[in-house]
Structure formats: structure tokens, C-alpha cells
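Chains as they are written, first to last, in our numbering: chain A, 1 to 540; chain B, 1 to 540. Backbone N, C-alpha and C fix where the C-beta goes; we use that ideal spot for every residue, glycine too.
Number of protein chains: 2
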Amino acid sequence: MLQPGLMMDRPLLLSSVIEHAAAQYGDAEVVSRETHGPLFRYTYSECAARARKLANALAGLGLQGGDAVGSIAWNNHRHLEAYYAVSGSGMVMHTCNPRLHPQQLIYIINHAEDRVVLFDATFAPLVKGIAAHCPNVRTWVCLADAANTPAIEGVANVLAYEELIAPCSEDFTWPEFDEHTGAALCYTSGTTGNPKGALYSHRAIVLNAMSGCLPGVLSLSPAETILPVVPMFHINAWCIPYAAPIAGAKLVLPGPRLDGQSLYELMESEAVTVSAGVPTIWQALLGHVEQHGLRFSTMYRTAVGGSAMPQALIAKFMDTYGVEVRHGWGMTETTAVGTMGTLMPKAKNWTSEQKQALLAKQGKSTFGVEIKVVDEQGNTLPRDGTSQGELMVRGHWIMASYYKGERSPLVDGWFPTGDIATIDAEGVMQIRDRTKDVIKTGGEWISSIDLESAAVAHPAVAMAAVIGVKHPKWDERPLLFVVRKPGQTLSKEEILAFLAERVAKWWVPDDVIFLDALPVGGTGKVQKSDLRKQYGGVFS
Amino acid sequence: MLQPGLMMDRPLLLSSVIEHAAAQYGDAEVVSRETHGPLFRYTYSECAARARKLANALAGLGLQGGDAVGSIAWNNHRHLEAYYAVSGSGMVMHTCNPRLHPQQLIYIINHAEDRVVLFDATFAPLVKGIAAHCPNVRTWVCLADAANTPAIEGVANVLAYEELIAPCSEDFTWPEFDEHTGAALCYTSGTTGNPKGALYSHRAIVLNAMSGCLPGVLSLSPAETILPVVPMFHINAWCIPYAAPIAGAKLVLPGPRLDGQSLYELMESEAVTVSAGVPTIWQALLGHVEQHGLRFSTMYRTAVGGSAMPQALIAKFMDTYGVEVRHGWGMTETTAVGTMGTLMPKAKNWTSEQKQALLAKQGKSTFGVEIKVVDEQGNTLPRDGTSQGELMVRGHWIMASYYKGERSPLVDGWFPTGDIATIDAEGVMQIRDRTKDVIKTGGEWISSIDLESAAVAHPAVAMAAVIGVKHPKWDERPLLFVVRKPGQTLSKEEILAFLAERVAKWWVPDDVIFLDALPVGGTGKVQKSDLRKQYGGVFS
Numbered sequence: 001m002l003q004p005g006l007m008m009d010r011p012l013l014l015s016s017v018i019e020h021a022a023a024q025y026g027d028a029e030v031v032s033r034e035t036h037g038p039l040f041r042y043t044y045s046e047c048a049a050r051a052r053k054l055a056n057a058l059a060g061l062g063l064q065g066g067d068a069v070g071s072i073a074w075n076n077h078r079h080l081e082a083y084y085a086v087s088g089s090g091m092v093m094h095t096c097n098p099r100l101h102p103q104q105l106i107y108i109i110n111h112a113e114d115r116v117v118l119f120d121a122t123f124a125p126l127v128k129g130i131a132a133h134c135p136n137v138r139t140w141v142c143l144a145d146a147a148n149t150p151a152i153e154g155v156a157n158v159l160a161y162e163e164l165i166a167p168c169s170e171d172f173t174w175p176e177f178d179e180h181t182g183a184a185l186c187y188t189s190g191t192t193g194n195p196k197g198a199l200y201s202h203r204a205i206v207l208n209a210m211s212g213c214l215p216g217v218l219s220l221s222p223a224e225t226i227l228p229v230v231p232m233f234h235i236n237a238w239c240i241p242y243a244a245p246i247a248g249a250k251l252v253l254p255g256p257r258l259d260g261q262s263l264y265e266l267m268e269s270e271a272v273t274v275s276a277g278v279p280t281i282w283q284a285l286l287g288h289v290e291q292h293g294l295r296f297s298t299m300y301r302t303a304v305g306g307s308a309m310p311q312a313l314i315a316k317f318m319d320t321y322g323v324e325v326r327h328g329w330g331m332t333e334t335t336a337v338g339t340m341g342t343l344m345p346k347a348k349n350w351t352s353e354q355k356q357a358l359l360a361k362q363g364k365s366t367f368g369v370e371i372k373v374v375d376e377q378g379n380t381l382p383r384d385g386t387s388q389g390e391l392m393v394r395g396h397w398i399m400a401s402y403y404k405g406e407r408s409p410l411v412d413g414w415f416p417t418g419d420i421a422t423i424d425a426e427g428v429m430q431i432r433d434r435t436k437d438v439i440k441t442g443g444e445w446i447s448s449i450d451l452e453s454a455a456v457a458h459p460a461v462a463m464a465a466v467i468g469v470k471h472p473k474w475d476e477r478p479l480l481f482v483v484r485k486p487g488q489t490l491s492k493e494e495i496l497a498f499l500a501e502r503v504a505k506w507w508v509p510d511d512v513i514f515l516d517a518l519p520v521g522g523t524g525k526v527q528k529s530d531l532r533k534q535y536g537g538v539f540s
Numbered sequence: 001m002l003q004p005g006l007m008m009d010r011p012l013l014l015s016s017v018i019e020h021a022a023a024q025y026g027d028a029e030v031v032s033r034e035t036h037g038p039l040f041r042y043t044y045s046e047c048a049a050r051a052r053k054l055a056n057a058l059a060g061l062g063l064q065g066g067d068a069v070g071s072i073a074w075n076n077h078r079h080l081e082a083y084y085a086v087s088g089s090g091m092v093m094h095t096c097n098p099r100l101h102p103q104q105l106i107y108i109i110n111h112a113e114d115r116v117v118l119f120d121a122t123f124a125p126l127v128k129g130i131a132a133h134c135p136n137v138r139t140w141v142c143l144a145d146a147a148n149t150p151a152i153e154g155v156a157n158v159l160a161y162e163e164l165i166a167p168c169s170e171d172f173t174w175p176e177f178d179e180h181t182g183a184a185l186c187y188t189s190g191t192t193g194n195p196k197g198a199l200y201s202h203r204a205i206v207l208n209a210m211s212g213c214l215p216g217v218l219s220l221s222p223a224e225t226i227l228p229v230v231p232m233f234h235i236n237a238w239c240i241p242y243a244a245p246i247a248g249a250k251l252v253l254p255g256p257r258l259d260g261q262s263l264y265e266l267m268e269s270e271a272v273t274v275s276a277g278v279p280t281i282w283q284a285l286l287g288h289v290e291q292h293g294l295r296f297s298t299m300y301r302t303a304v305g306g307s308a309m310p311q312a313l314i315a316k317f318m319d320t321y322g323v324e325v326r327h328g329w330g331m332t333e334t335t336a337v338g339t340m341g342t343l344m345p346k347a348k349n350w351t352s353e354q355k356q357a358l359l360a361k362q363g364k365s366t367f368g369v370e371i372k373v374v375d376e377q378g379n380t381l382p383r384d385g386t387s388q389g390e391l392m393v394r395g396h397w398i399m400a401s402y403y404k405g406e407r408s409p410l411v412d413g414w415f416p417t418g419d420i421a422t423i424d425a426e427g428v429m430q431i432r433d434r435t436k437d438v439i440k441t442g443g444e445w446i447s448s449i450d451l452e453s454a455a456v457a458h459p460a461v462a463m464a465a466v467i468g469v470k471h472p473k474w475d476e477r478p479l480l481f482v483v484r485k486p487g488q489t490l491s492k493e494e495i496l497a498f499l500a501e502r503v504a505k506w507w508v509p510d511d512v513i514f515l516d517a518l519p520v521g522g523t524g525k526v527q528k529s530d531l532r533k534q535y536g537g538v539f540s
């Protein structure tokens, strides 16, 4: 008979994260860009005190454990306080992506049954448009002081955050409850059907955040200053707002200013050492830095995820700017990071190109997450770096079922990611495609991601996308879309010749379409479904 | 009503630690000193395979979940395999300190009801002496091949480890069970009464090991090679045998050779970057290095705990050898690390002396552990760096009650450590004394540890100990014991004059006794109880 251990049984709760920071790193800084412009700065100790004030304020509004509080907000300190006040009180922090279509926003606010919605002034017009359709929302709270809280025509119940919390006490005893309690809710922006919600537990977030601090993941400590550009409405900014206080790292929140110049200036003025974001943001940042002949004085590492980082961009960061790139993978259903690519010690003597090739992959699963790839019958494929199949994940911060979902999507206890991947003998995973984007031609698969990465390596290409188009003989054939860089010329023949030197002959697209821009969805990803709708006919 | 999160509910089990290493860091090395001399090396992948063989072998011996397996062994690869095979099977790994008195060893083996005991050939004479008194032990397994397994007179049931596992399969499906299940058992060597056992749960060890990998604690990653000198029979070598596989760090196990020369040579030949051990081991290592004019080529960080590290030793490591010292605190009842001292970013411009003064303290509590100091009435004392009281701890890897203990030692849910400490405004904790060692004089407290640290700073002093002796007027007064370095002369007057310049006048000991050696107990700590017995009369 198993013997029970004799240790204290304390729950892993988010309230303990911010109180740990307040107690042990009380004077470490949080710097935040206000929505109206200026920088705000305070300490974890002050952040915890204001989170407790907000917890009192929410209780004062009549909210209780289990109630949902929505947010339509940038990365800023009030949003951070809400992360802790809401979840710490046993309520559910529901972060909404403001880039969703208003109809989808209305859907998720009602589906989550948000009682209060916190918003940044930027999104006042959005609130104006949706408030009447969200009858459960008693109060709309603008994350600002009274002076910076706009009146919203037709919306009576708007409060200024600072006025809401001002009369409240800094004393609040965080409730203790089961660590499996829901803490945060994030909806995936499905390209078809309604968005689906992942309800993260306290336990999942705390374990993920601890993992995020590890040297092999983000490597956070009091010596680091981290700037999460990845939004707090997107998978909790990869849990960095929870990881930084665990580690005592200085946290810099960029507010609404996400253009290359603003980010660069913030990195320099706050001596940011580590940053995290999606490839498109880094493309804009490097564009600014290149154009003005700048260097990074302190930033030496960046974590990239959300979509595959082209090897050319990795090369620029590393070789030109001396910034280490860590290329990870995760999704809404995996709380945050599931795998992270870093160089192993043996890479010391590798060429730059070898290093970049490795970092173009999404890396090894972090402790707490297991990965495998399976064929269409569910058989586990060998870890040989070439056998492609659907990536399956299992672990402490992987979703089991969607919020109010009718059935669990799990297969034998594993979550099917919808990503096509390979895993090599050393455990390094590489995303080859989305199951729905992979191009099946003559019984073989072509990775749309690999083709796109090859295309953006051309100096005249700003963006590229590949879809499969029906073909009478080959089942499907690739069609390439290219957005040229400003002022650049590039012909179909030139880009195809460029690709022919870099990919297998049968991978070379059958046609190329030049566009001024690619359709981009709520989370900044290219919407291939739109391309398919418009261009997905049949090759003759 | 709280909402349940919708994440996978997977247990935190030790089997997943070694399987993670096998899957994701399969070719990272484990290097181990055999008890009979040579170095052995293999990978985490091979380690996991052999752990599965041992799990099959233990099942073959008739053992079941909940059964206890003892070990009397050095830090080596077979001991590591047993860590995972035993706990992974749902059994309890009971590590025995071979330095305990044989009577105490017999007591703990019987108290734990060990069914099998693993031992290193070094300890064959010990086994010979105790086996007849341990009737529950069915099999004694020597951690060696047949050639290196000695026959033990009078002990029939001795097996060689390699013969035991040779016929067993590498396939074993680790059972899944509640993460609160007991995984490992370690007894404190109480100076009075029988030893008491702390039964660590899988959850406690996994969380502690994850915490140990953090940049602010041991900072483990595939880039590091860690040598735990702290024994695997002493609080699971501070959980490093669990932390290294989580991080994918190379693990170097020194076997029985713990002298300065052997450790130095192993550090150099295996390119060790991080080490961990008690101050006395480091004193011997530095003695060797100094005597031979050597340098550390790769070792750049060492974690120290178990007893307070004198500032003079910290200074030598840092200033002379460029090795970063991290000074931590923990005890058998806290699974491993509870606090860790590192320099904060603001220390950049500090003098060496300021840095060393900070590192002489035991540092901040790591995430997952809360600390406070209380007065004799249990009131929490201010975090002002001067208010001394008993250190109380609470957290995910803190013990709730002793194994087969009659009552929980907890006070309001906190574990009373028996250490006297201060905590400053930044959360930095400093051990001032043991509650039983602190010297109460004229209504004030004198820290025996501070006095000892001041004494060993004298160049002629090898070791020092201070006890309180009854005094008719002052209640207690300090009495100093000094062991001189070989060939050094030092008079009572000289050491007292030296101390008078460094401590408050009323702290200067009333008398000094020179000894050839101090009495040392099973875990390498000075036994002040012996000194008290022999010298603790009354000052006149």
C-alpha cells in the first residue's frame, strides 16, 4: 500500500506569486507605459498593495469567487494588478483580444458571463459598439484615472479604475482554495465557428510560470529586465506577468506603443535584457534598428513564438545584433510555452548557419510537457527528424476540455494540436505545418511553412504565404503569395528560380500571386482561410 | 461558486523526471566515481533504462508500492538509479547516513521497515555489524558488480547489484499515483532521543527540484555540469539528483573520494561548472588548491549550506579564485533549499567586502517557501535585520509531521526550525544561531555563530566553537573553543584581543579552551552537546 508523504499540503495559487514578489523582491521595479503616453513606475510591493485594493473593490461591486472579469487592455500595470486581484480572489480573469471582430467580442464576453470588463481608453469606441449587447456586464472600468477616462455615449456604467480603488484598503486576505480552480480564461480565435475558451487553473499557471523562469526557457532572475511584447490578452503574455514576480525580475510593460521605434526606445531607456514576442513585431523592430543604424545596448536575448520565426530573421538578430534567439512553441490550449529551442553545449563549435538552422526549429519540450507525433491512425512516429505527423502534447498545463465545451478534444489523454511536426533523436521538435495548411501532393506532404520561410529569405520579399490548391493529377499543388518590400521589384520567374535552388523540385509552387498585403487575423497571424476563399480554385 | 479549471490533471511524479531527461536530454552525461576507483560514464537515457531494470528487479524480489528500500551509499550512478526505480515504483527510498552510530542505523532501518538495503562496498563492515539486528531486511544489495561485491561473514542474503538487474527488462511502465505519495525518507540525526524521519512526497521533491533549477537558486541548464558533494544520504543531496535531469545538466557524482585533491581533479577533468556542499568540504578543497597553487578552470559557482559559511571563506572563493558563492539554508524538514543568497543587481558597484557580508547571510526564500521570525510568544517580528527570533517556514516542500510521529510539530501551520534568525527589509534572512545554542546574557542574546565566524577569521585558527556557560550574574557567558592550524601558535590573550576589535565588548568570551579537534557528528556538524557535557560548568 502506498504511503502518504508527510509534507504540508499547500495549494499553488496566483496570490502567492505576487505576495512572494512583494515579500522577497519588494523593491524590484515594474515600469508601464500609460495608455495616454507617459511612463509609470513602481515596485512589486506597491503592485501587490494595489492588487489588494482592487480585490476589495471587486468585492465591493458584489463580485464573488467564480465570477468572470473581462479585460480589453494593453500590457500595463493596472492590467497586471487585475491579473492578481481577479484570480487571487478566486474569480476568473478573462482577457479579450481587442482585434477580434466586435461580434466575436460580444460572443466571448457573454459566453464567459463577464460581470465587469476592464478596458483601456484606446478601446472606448469598441466598448461603445458592444456594451449594449453585453447585458451581463454591470460595470465597465477604464484602466486610467478620472481625467483619462472618456465618457462613452450610451454607456452609463463606466468607472475610472483609480476612482474605483482609491477608497479601498490595502489589506486583503487572499482566500485559500483548491489549486485546480480556474484562474484565467482565454479564447482561441477560431477561423471557423465561434471562439473556444481555455480555462487555466492556478496550478497550471504557477507551474508554467516556474518553468518559464528556468535557464533553458526564459531564464529570469533579479538580474534580468524583461519586456513582454506578446500581449497580456494573448495566452497571458506567455505567463511572463506571472514568471517575472516569481523570479524577482524587473518587468517592463509597453502599453499601446508596439511600433519598432517605441519598443527600441523603451528597451534602451529601461535597460531591457530579455524580450518576448511574435516574429512580425521583431520584423518591425529590426526594420527600425536597421534603418537608423542602431544597436541594442542591453537586450541580449529574445524569445519568439506564436508563429514560426524565419531563419533569415534569426540570423539577423544573432549575427548582426548579437541577440540570442530562443524559438518556442505553444498555443492557447497549452497555457504558454510547451517547447523552447536553445543551443546545446555541443553547438559551441558550430557555424552560424548550423546554429540558426537549429534555432529555426521549435526546440525541446520543457519539463512538465510531453510531446509525440502520430500518423493519421494515431500510431506514434519515430523520433528521426523526418517522420511528420500531428503533434500531440500532454502535461501539467495542457488543456483537457474547452470552456462549456460539450466534449473533451483529448485522444487517449493527449491533446491533438493540429500542428504537423517532426521530432528528432535529440527530442528537438519542428513545426512543419498546420494540419489544415499542409499541402498533400502526389501522396507526399509539402510544408507551407518551409516554403514561406524559403521565400522570405529573398531580399525583395516582405511577407509570403503558401496555400494548397486542388489539382486534378496531384491532388494539391502549392500557390505562393508574395508581398514585395517597398520599392522592390520582383517577378514570378525570379522568385521561382530563387526557390528552385532551395527546395525540392516538386515543392516549387505552380504559381505566384503578388499582393499589397496579406490578410491578418486577430492574433496577427496570416489568415490562410481568406486566401483560400478568394484564390483556392483548381489548378488546371 | 469557484469554477474548476479545465486542465489535464497529471501528478507530479519522480518517474517523469528521469523519463523527461531520457526523452529530451538523452545524450547528456552522468559521470560517476565507482567505489572501487575508476570513473564510470553514461547518459540519462541509459540511466533511465537501468532504473527501469532495477524497478523490475525490485518487483521480482517481491517488493510492492509503499515498501521501503534503504541505502547506505555514496553519490554514484547506481544510487541515482535507485532514487528513480524505488520512488518511481511507488516505494520509499530511505537514504541512511553511514556516519550515524550503528545503533542509530539499526534503529532507523527497523523504524522505516526497510525490506531491501542497498550499500556500497565501503560499508560492508557496517552491514556486517548491523545485519543481524535488522530482521525485516530480506536482501542486502551491494552497489557493484559481482567482482567488487565482498562476501560478508554472517550475512547470507547479499546480492551484487549488477547480477540482480542483469536478467531484467528495460521496459517498465511506471505506475501513476497520487503526487502526495511518499517518495523518499530521510532521518534527522537528533542530538537527543532517536532520529526522526521526514517523508518527502513526489510533489514536494519535484517542486523543490524545479525551484533548484531557477537562475536565482542553482541555475541549471544543459550548459552546466554540476557536482553535488553534499551526500545523497543527506536530504537527497539537496535534490540535485532530481534537478539536474529536469534541466538537462551534466551530473558528476564523486563516489567515496571527497578529499580536496580528488574533488579538484574531478572538477578539472569533467569541466564542472557548478558545485554544492557544506563549508568543511570547501575548506579542505581550498586548502588543497592553495597548497599547490592551483586555479579552477571551469568551476565558477558553488552553493553552500548545511552550516553557516564563514565570510573569510566566501572572500577566498570570490576574490582569490573568482568563484561565485551562493549561501543557502535548508534542513531535513524542508526537503532541501528554503532560502538562497545571491547578489542583487544593485550590488554591482559594491566593494568586495560589502558583497561578502551579504553572502554571509542565507538569503531570500525561494518561490514556494514563506519565512518569518517570531518571538517567544509567537508574535511575528519586524523585517528590520536586527529583530531576532525563531525562524518559521511554510511551503510546498516543508514537512508537516515526522514519520510515525505522534503529533505534528507545526505551530499555526508553520514549521518551527529551531534556528534563530533575522530578516531584513529586503527579505534577506540570516541565521544567528540555533535556539539551543544562542547565549543569553544579561537579557540580551549573543550569537554563537557570529562569534565563531569572527574567530575563524584569525589566520591561526582552523576551527572554532562557542557555547554558553552558566554565570551567576549574567545568566550565561560565552566560552570559546579553538583548534589551531597545524604549526601555528596562538594564545588566549591574542585571540581575545583579535575578537575585541571585531565584536561588541560584552560578546568577548570569558574564556578560551584550545583543543586538538572538535567533536563532529554524523552530518559533519560540531556537536556542541558534547562540549557542553564536558565543559559546561559554571563561570565564577
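Item to complete: Look at the alpha carbon of Val-155 (chain B) and the alpha carbon of Ala-144 (chain B), and state the distance between them as a whole number of angstroms.
Response: Numbered from its first residue, the second sequence carries residue 155 (chain B) at position 155. Numbered from its first residue, the second sequence carries residue 144 (chain B) at position 144. Taking the straight line joining both Cα atoms gives about 17 Å.
Worksheet item: Contact between the region 307-315 of chain A and the region 290-297 of chain A: three or more CB pairs below 8 Å?
Response: no
Discussion item. Strictly by DSSP, which residues pair up with His-94 (chain B)?
Written reply: Here residue 94 (chain B) is taken as the residue at index 94 of the second sequence, counted from 1. His-94 (chain B) pairs with B:Gly-70 and B:Leu-185.
Discussion item. 7 Å is my cut-off, CB to CB: does Gly-65 (chain A) come that close to chain B?
Written reply: Indexing the first sequence from 1 puts residue 65 (chain A) at position 65. Yes, Gly-65 (chain A) counts as interfacial toward chain B.
Worksheet item: Do you know offhand how far Ala-360 (chain A)'s Cα is from Val-304 (chain A)'s?
Response: Mapped onto the first sequence, residue 360 (chain A) falls at position 360. Mapped onto the first sequence, residue 304 (chain A) falls at position 304. Between Ala-360 (chain A) and Val-304 (chain A), the C-alpha separation is close to 10 Å.
Worksheet item: Can you tell me whether DSSP reads Lys-473 (chain B) as helix, strand or coil?
Response: For the purposes of this step, residue 473 (chain B) is identified with residue 473 of the second sequence, where counting begins at 1. Shown here, Lys-473 (chain B) sits in coil according to DSSP, grouped into three states, outside any helix or strand.
Worksheet item: Straight-line CA distance for Ala-55 (chain B) to Ser-169 (chain B)?
Response: Residue 55 (chain B) sits at position 55 when you count from the first residue of the second sequence. Residue 169 (chain B) sits at position 169 when you count from the first residue of the second sequence. The alpha-carbon atoms of Ala-55 (chain B) and Ser-169 (chain B) are separated by roughly 9 Å.
Worksheet entry | Cutoff 7 Å: Cys-239 (chain B) Cβ touching any chain A Cβ | Along the second sequence, one-based indexing puts residue 239 (chain B) at 239. Closer than 7 Å: no.
Worksheet item: So Val-411 (chain A) and Gly-378 (chain A) are in contact, right, with Cβ under 8 Å, and what is the actual spacing, rounded?
Response: Residue mapping note: residue 411 (chain A) aligns to position 411 of the first sequence, counting from 1. Residue mapping note: residue 378 (chain A) aligns to position 378 of the first sequence, counting from 1. Cβ-Cβ separation between Val-411 (chain A) and Gly-378 (chain A): approximately 7 Å, consistent with a contact (criterion under 8 Å).
Item to complete: Identify whether Glu-390 (chain B) lies in helix, strand or coil by the three-state DSSP scheme.
Response: For the purposes of this step, residue 390 (chain B) is taken as the residue at position 390 of the second sequence. Note: Glu-390 (chain B) maps to strand in three-state DSSP.
Discussion item. Considering only DSSP beta bridges, list what Ala-517 (chain B) is partnered with.
Written reply: Position 517 of the second sequence, counting from 1, holds the residue named residue 517 (chain B). DSSP lists no partner for Ala-517 (chain B).
Fill in: First and last residue of the uninterrupted alpha helix (DSSP H) at Asp-450 (chain A)
Mapped onto the first sequence, residue 450 (chain A) falls at position 450. Secondary structure note for Asp-450 (chain A): its alpha helix (DSSP H) is the uninterrupted segment 448-456.
Worksheet item: Taking one C-beta from the region 188-207 of chain A and one from the region 388-402 of chain A each time, how about it: are there three or more such pairs within less than 8 Å?
Response: yes
Practice prompt. Report buried or exposed for Asp-437 (chain A), applying the criterion of at least 16 other Cβ atoms within 10 angstroms of its Cβ.
Written response: Here the question's residue 437 (chain A) lines up with position 437 in the first sequence. A residue is called buried when at least 16 other Cβ atoms come within 10 angstroms of its Cβ; Asp-437 (chain A) meets this threshold and is buried.
Worksheet item: Any idea which residues DSSP pairs Tyr-200 (chain B) with across the strands?
Response: Walking along the second sequence from the start, residue 200 (chain B) turns up at place 200. Paired residues: B:Ala-184.
Discussion item. I want to verify the contact list: residues of chain B whose CB lies under 7 Å from the CB of Thr-173 (chain A), in sequence order.
Written reply: Locating residue 173 (chain A) in the first sequence gives position 173, counting from the first residue. Contact annotation for Thr-173 (chain A) against chain B: no contact, minimum CB-CB distance about 14 Å [criterion: below 7 Å].
Worksheet item: When you compare only the Cα positions, how much space is there between Val-69 (chain B) and Leu-6 (chain A)?
Response: As a position in the second sequence, residue 69 (chain B) is number 69, starting the count at 1. As a position in the first sequence, residue 6 (chain A) is number 6, starting the count at 1. Cα-Cα distance, rounded: 18 Å.
Worksheet item: For Trp-507 (chain A), is the classification buried or exposed, using 16 other Cβ atoms within 10 angstroms of its Cβ as the cut-off for buried?
Response: Your numbering for residue 507 (chain A) matches position 507 in the first sequence. Counting Cβ neighbours within 10 Å, Trp-507 (chain A) comes out buried, since at least 16 surround it.
Worksheet entry | One or two residues paired with Ser-75 (chain B) in a DSSP bridge | Stepping through the second sequence from its first residue, residue 75 (chain B) is reached at position 75. The question names Ser, but residue 75 (chain B) is Asn in the sequence shown. BP columns for Asn-75 (chain B) point to B:Gly-255.
Fill in: Cβ-based burial, Ala-132 (chain B) [other Cβ within 10 Å; buried from 16]
By one-based count along the second sequence, residue 132 (chain B) stands at place 132. Counting Cβ neighbours within 10 Å, Ala-132 (chain B) comes out exposed, since fewer than 16 surround it.
Worksheet item: What separation, rounded to the nearest whole angstrom, lies between the Cα atoms of Leu-126 (chain B) and Pro-102 (chain B)?
Response: In the second sequence, residue 126 (chain B) corresponds to position 126, counting from 1. In the second sequence, residue 102 (chain B) corresponds to position 102, counting from 1. C-alpha separation (whole angstroms): 7 Å.
Discussion item. Just to make sure I have the definition right: I need the residues of chain A whose C-beta is within less than 8 Å of the C-beta of Thr-181 (chain B). Which are they?
Written reply: By 1-based counting over the second sequence, the position of residue 181 (chain B) is 181. The answer, in chain order, is Leu-2, Gln-3, Pro-4 and Gly-5.
Practice prompt. Check distances from the C-beta atoms of the region 18-33 of chain B to those of chain A and list, in chain order, the residues that come in under 8 Å.
Written response: When CB distances to chain A are screened at a threshold of 8 Å, the residues of the region 18-33 of chain B falling below it are His-20, Ala-23, Gln-24, Tyr-25, Gly-26 and Asp-27, in chain order.
Item to complete: Just the C-alpha distance for Arg-502 (chain B) and Ile-18 (chain A), rounded to the nearest angstrom, thanks.
Response: Start at 1 with the first residue of the second sequence, and residue 502 (chain B) comes out as number 502. Start at 1 with the first residue of the first sequence, and residue 18 (chain A) comes out as number 18. A direct Cα-Cα distance of roughly 40 Å separates Arg-502 (chain B) from Ile-18 (chain A).
Worksheet item: Straight-line CA distance for Ala-559 (chain B) to Ala-49 (chain B)?
Response: Because chain B spans 1 through 540 in this model, residue 559 (chain B) falls outside it and cannot be assessed.
Discussion item. Three Cβ pairs or more, each shorter than 8 Å: is that satisfied between the region 170-183 of chain A and the region 84-99 of chain A?
Written reply: Per the Cβ contact rule, the region 170-183 of chain A is in contact with the region 84-99 of chain A (3 or more Cβ pairs under 8 Å).
Discussion item. Does the structure place the region 275-291 of chain A close enough to the region 313-329 of chain A that three or more beta carbon pairs sit under 8 Å?
Written reply: yes
Worksheet item: How about Ala-112 (chain A) and Ile-235 (chain A): are their beta carbons less than 7 Å apart?
Response: Reading the first sequence from its first residue, position 112 is the one you call residue 112 (chain A). Reading the first sequence from its first residue, position 235 is the one you call residue 235 (chain A). It is not a contact, given that the beta carbons lie outside the stated cut-off.
Worksheet item: Can you name the start and end residues of the beta strand (DSSP E) that Gln-527 (chain A) belongs to?
Response: Here residue 527 (chain A) refers to the residue found at position 527 of the first sequence. From DSSP, Gln-527 (chain A) is part of no beta strand (DSSP E); its letter is neither H nor E.
Worksheet item: Just by C-beta distance, which residues in the region 365-397 of chain B are closer than 7 Å to chain C?
Response: The structure shown contains no chain C; its protein chains are A and B.
Worksheet item: Does Ile-246 (chain A) get closer than 7 Å to chain B when you measure Cβ to Cβ?
Response: Taking the first sequence and counting its residues from 1, the one referred to as residue 246 (chain A) is at position 246. Ile-246 (chain A) counts as touching chain B.
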